[in-house]
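Trainee:
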Amino acid sequence: MILLQVNNVSKYFGSDIILSNIKLEVQTNDRVAIVGRNGAGKSTLLKIIAGEISYDGGELIKPKDVTIGYLAQNSGLQSDRSIWEEYYSVFSHLVEMQDNMRKLEHKMTQEDVYSNQTVYDKIVNEYDHLQFTFKESGGYQFEADIRSIISGLGFSNEDYNTKISSLSGGQKTRLALGKLLLTKPDLLILDEPTNHLDIDTLSWLERYLQSYPGAVLIVSHDRYFLDQVVNIVYEISNHKHQRYVGNYSKHLELKAAQYEQDLKQFEKQQEQIAKLEDFVQRNIARASTTKRAQSRRKLLDRMVRVDKPQGDESSANFSFTIEKQSGNDVLNVRDLFIGYDRVPTIDQSMHFVLNRGDSVALVGPNGVGKSTLLKTIIGDLEKLQGSIDFGANVFIGYYDQEQAKLTSNKRVLDELWDDYPLKPEQEIRTILGNFLFSGDDVTKNVSSLSGGEKARLALAKLMMKKANFLILDEPTNHLDLDSKEVLENALLDYPGTILFVSHDRYFMNRLSTKTFELAKEGLTPYLGDYDYYLFKKNEAYEKELAEKENAEIQIRQSSHQPVSDYQQDKELKKKLRQTQRRIEEIESSISNIEKEIEQIELELCKPEVYGDFQLVQELTIQKNDHETNLMSLMEEWENLQE
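For the sequence shown, the numbering used here gives the first residue as 7, with consecutive numbering after it.
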């Protein structure tokens, strides 16, 4: 079923065209990504589809009964309620339905209703209809859905009663995403949903969207996320669109192949045109060949010219160099505690060493102290305990994830030039041009720049430092996909040492030679990239499970209840088989009960039954008993599955 059609939609801001003749189609279960450079019009298109802003040409076609849910960038949830109260309010219609069912049940037990066949039948029919609607609308599982979403977004059971107004901006953004997911619209529109999500929450969101019952339309700069979730990609470039079937990586392959094909077709036609024009020029004046020349000229006039395929739009172009090489020992951290107001964020002290050439990714959940550690290393925060020692000739370049120091009212040109006043203006302009600041862009006020523009300016300032030790806090935030790739390539060629925090798993896999995990318990080093870190984490988890099993065996043995490994394995398999058999029994029972309920409902509709008050009463009691039993079995089934 087609949920949405965008036909030749155009959008202008003043006299500037943003989108031109955009076509897009979304069907049930589609997972669609819209990609393109910052400023290409991706968010504008989402706002048009969501009805947030108008468009200047074309049409949107959507069936009336199709529901759309839209989450804008960084749109935090604003509420004075607790998390549980706010999420529970999403299902107020189900709560009201449940209350009405209880009232009808109470009415059916009253003597004046019970003795009046007509009134009783009317109430029974109303109750049956209400109960069916309640069940089909998810009435028996919405509380479980709330708990699942809250847990998936990284909140614990203890957070249920936390007031939303007391949370951070990032937490409010996560909660806004969760509330939208609970509404389960037919078309889910998400603009940068991965902002403010740590890696565990990102993985959960990927799994959730993969199994989402409706369609999903996404704008995201997270390549790993797009590869896991989407199956259709629309790229917007030069105000126009191109559709590709597949995930983000597949779209890159198809795009490159299409460009090569179009270029060959263009070159072949140009060669053909050149030959025809040459023939006409040489033969048009000769009497013996003029007719053939005229024929060739007509052929040229009728020919549909193929436009030369446009390559990618201009990309940022930069590299990181160093002024002087550092010694082999770059950083030595011993017995370090970090935190605020003398309160440490971790339970155990940190010890680690960085050597020249290391590229270390620092990972961990939000709020554990990753940015705090970086700021402590560069001296912006005071350490609580321990030592931080740098090696010989170490010169640090620091990138702040919030670009906190880029809030001045200076022009872009002066922001960079004031740091290097001896450089000629043309050289400063050339550097800014490499970071896509050209023409009037260099005269903009820094404070008025977008997030992506501030990120590029901060990278330009970082490049100019020529530091041999780069400390980067979320350097890919606000960068579009092409700028991320340029940054990756620049850092891969960088001859110094790198310590960075990122939630971009693709970026980490390309760049990191080591991975440090920061947790409440302390810091753990892994000698590989992000995928290696995941492998070792899973390996450690499996080892922990095995050790627990061995400990249980030892406890039994010490209590004179010896159980061999073979016997324990046998018992475990036996228990698993019993559980599986019970699950199958329950599924069979549920199927049978649903059939019996359906049969009773059919019986109640028959005239000969409907007119028999006593029989209706008996069947209704049977039906209620079956439904109670059904609820009990469904609950047991869920527990066994867990």
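Glycine included, each C-beta is placed from N, C-alpha and C at the ideal position.
(1) In chain order, what are the residue ranges of uninterrupted alpha helix (DSSP H) at least 4 long that sit wholly in the stretch 435-522?
(2) Between the Cα of ASN167 and those of TRP90, VAL239, SER174, spot the shortest distance and give me the residue it belongs to.
(3) Quick one: what's got a C-beta closer than 7 Å to ILE129's C-beta in the same chain, skipping five residues either side?
(4) So what does GLU31 bridge to, in DSSP terms?
(5) Taking ASN483 as the reference, give the member of ASN289, ASP228, GLN647, LEU173 with the closest Cα.
(6) To the nearest angstrom, report how far apart ARG311 and SER453 are at their CA atoms.
(7) Which complete alpha helix (DSSP H) runs does the stretch 61-117 hold, if anything under 4 residues is left out?
(8) Based on DSSP bridge pairs, tell me the residues matched to SER594.
(9) On a Cα-Cα basis, can you pick out the residue from PHE19, ASN14, ILE8 that is closest to THR34?
(10) Say whether the stretch 223-243 touches the stretch 186-204, bearing in mind that this needs 3 or more beta-carbon pairs closer than 8 Å, one atom from each stretch.
(11) Apart from the five residues on each side of it in sequence, which residues of its chain come closer than 6 Å, Cβ to Cβ, to TYR404?
(12) Could you name the residues that DSSP lists as bridge partners for PHE19?
(13) Does VAL569 come out as helix, strand or coil in the three-state DSSP assignment?
(14) DSSP on SER414, reduced to helix/strand/coil?
(15) Which residues in the same chain have their Cβ closer than 7 Å to the Cβ of LEU646, if we skip the five residues on either side of it in sequence?
(16) Can you tell me whether VAL1 is buried or exposed, with buried defined as 16 or more other CB within 10 angstroms of its CB?
(17) Assign PHE272 to one of three DSSP states: helix, strand, or coil.
(18) Under a three-way DSSP split, which group does ARG340 fall into?
(19) For SER518, count neighbouring Cβ atoms within 10 angstroms of its own Cβ and tell me buried if that reaches 16, exposed if not.
(20) Write down every uninterrupted run of the alpha helix (DSSP H) in the stretch 125-151 whose length is 4 residues or greater and which is fully enclosed by it, in chain order.
(21) Which residue comes first and which comes last in the beta strand (DSSP E) that contains TYR250?
(22) Beta carbon of ASP151, beta carbon of THR73: below 8 Å?
(23) Among LYS185, PHE506, LYS526, which one has its Cα closest to the Cα of LYS520?
(24) For VAL492 versus ILE238, is the C-beta distance shorter than 8 Å?
(25) Give the range of the beta strand (DSSP E) segment to which GLN391 is assigned.
(26) Please state whether the Cβ-Cβ distance between MET469 and ASP425 is less than 8 Å.
(27) Would you call the stretch 73-85 and the stretch 177-192 in contact, with 3 or more CB pairs under 8 Å?
(28) Just the Cα atoms here: how many angstroms apart are VAL125 and HIS135?
(29) Rank ASP447, LEU258, ASN474, THR382 by C-alpha distance to the C-alpha of ILE394 and give the top, closest one.
Mentor: Let me lay it out:
(1) Within the stretch 435-522, the complete alpha helix (DSSP H) segments at least 4 residues long are 457-471, 487-498, 511-517, listed from N- to C-terminus.
(2) Stepping through the sequence shown from its first residue, residue 167 is reached at position 161. Shortest Cα-Cα distance from ASN167 to any of TRP90, VAL239, SER174 involves TRP90.
(3) The sequence position of residue 129 within the sequence shown is 123, counting from 1. Closer than 7 Å at Cβ, skipping near neighbours: LEU110, LYS113, MET114, VAL119.
(4) Indexing the sequence shown from 1 puts residue 31 at position 25. According to DSSP, which records beta bridges pairwise, GLU31 is partnered with GLN11.
(5) The residue given as residue 483 occupies position 477 in the sequence shown. Closest by alpha carbon: ASP228.
(6) One-based indexing of the sequence shown puts residue 311 at position 305. One-based indexing of the sequence shown puts residue 453 at position 447. Per the coordinates, the alpha-carbon of ARG311 lies some 47 Å from the alpha-carbon of SER453.
(7) Here the runs fully enclosed are 89-94, 98-114.
(8) Within the sequence shown, residue 594 is the residue found at index 588, counting from 1. In the DSSP assignment, no residue is bridged to SER594.
(9) Within the sequence shown, numbered from 1, the residue matching residue 34 stands at position 28. Distances from the alpha-carbon of THR34 to those of PHE19, ASN14, ILE8 put ILE8 closest.
(10) With a cut-off of 8 Å on Cβ pairs, the stretch 223-243 is in contact with the stretch 186-204, counting three or more such pairs.
(11) Residue 404 sits at position 398 when you count from the first residue of the sequence shown. Result list for TYR404: ILE384, ILE477, in chain order.
(12) Numbered from its first residue, the sequence shown carries residue 19 at position 13. Under the DSSP definition of a beta bridge, PHE19 partners with ASP22.
(13) Working through the sequence shown from its first residue, we reach residue 569 at position 563. Caution applies to VAL569, whose pLDDT of 48 falls short of 50 and renders its modelled position unreliable; the value that the coordinates give is listed next. Note: VAL569 maps to coil in three-state DSSP.
(14) Residue 414 sits at position 408 when you count from the first residue of the sequence shown. Here SER414 sits in coil by DSSP.
(15) Looking up residue 646 in the sequence shown gives position 640. So the list reads THR585, ARG588, ILE589, once near-sequence residues are dropped.
(16) Nothing about residue 1 can be read from this structure; the chain reaches only from 7 to 648.
(17) The residue given as residue 272 occupies position 266 in the sequence shown. In the three-state reduction of the DSSP assignment, PHE272 falls in the helix class, which pools H, G and I.
(18) The residue you call residue 340 lines up with position 334 of the sequence shown. Looking at ARG340 - three-state DSSP - the assignment turns out to be strand.
(19) Position 512 of the sequence shown, counted from the start, is the residue given in the question as residue 518. It counts as buried.
(20) None, since the stretch 125-151 contains no complete alpha helix (DSSP H) of that length.
(21) Along the sequence shown, one-based indexing puts residue 250 at 244. Per DSSP, TYR250 belongs to the beta strand (DSSP E) from 246-251.
(22) Taking the sequence shown and counting its residues from 1, the one referred to as residue 151 is at position 145. Taking the sequence shown and counting its residues from 1, the one referred to as residue 73 is at position 67. With respect to the 8 Å criterion, ASP151 and THR73 are not classified as neighbours on the basis of their beta carbons.
(23) Position 514 of the sequence shown, counting from 1, holds the residue named residue 520. Of the candidates LYS185, PHE506, LYS526, the one whose C-alpha sits nearest the C-alpha of LYS520 is PHE506.
(24) In the sequence shown, counting from the first residue as 1, residue 492 sits at position 486. In the sequence shown, counting from the first residue as 1, residue 238 sits at position 232. Against a cut-off of 8 Å, the Cβ pair of ILE238 and VAL492 comes out as no contact.
(25) Against the sequence shown, residue 391 aligns to sequence position 385. Here the beta strand (DSSP E) through GLN391 covers 391-396.
(26) Against the sequence shown, residue 469 aligns to sequence position 463. Against the sequence shown, residue 425 aligns to sequence position 419. Going by C-beta atoms, MET469 is not nearer than 8 Å to ASP425.
(27) Because the criterion of three Cβ pairs below 8 Å is met, the stretch 73-85 and the stretch 177-192 touch.
(28) Reading the sequence shown from its first residue, position 119 is the one you call residue 125. Reading the sequence shown from its first residue, position 129 is the one you call residue 135. The straight-line gap from Cα to Cα measures roughly 16 Å.
(29) Position 388 of the sequence shown, counted from the start, is the residue given in the question as residue 394. Of ASP447, LEU258, ASN474, THR382, the residue nearest in Cα terms is THR382.
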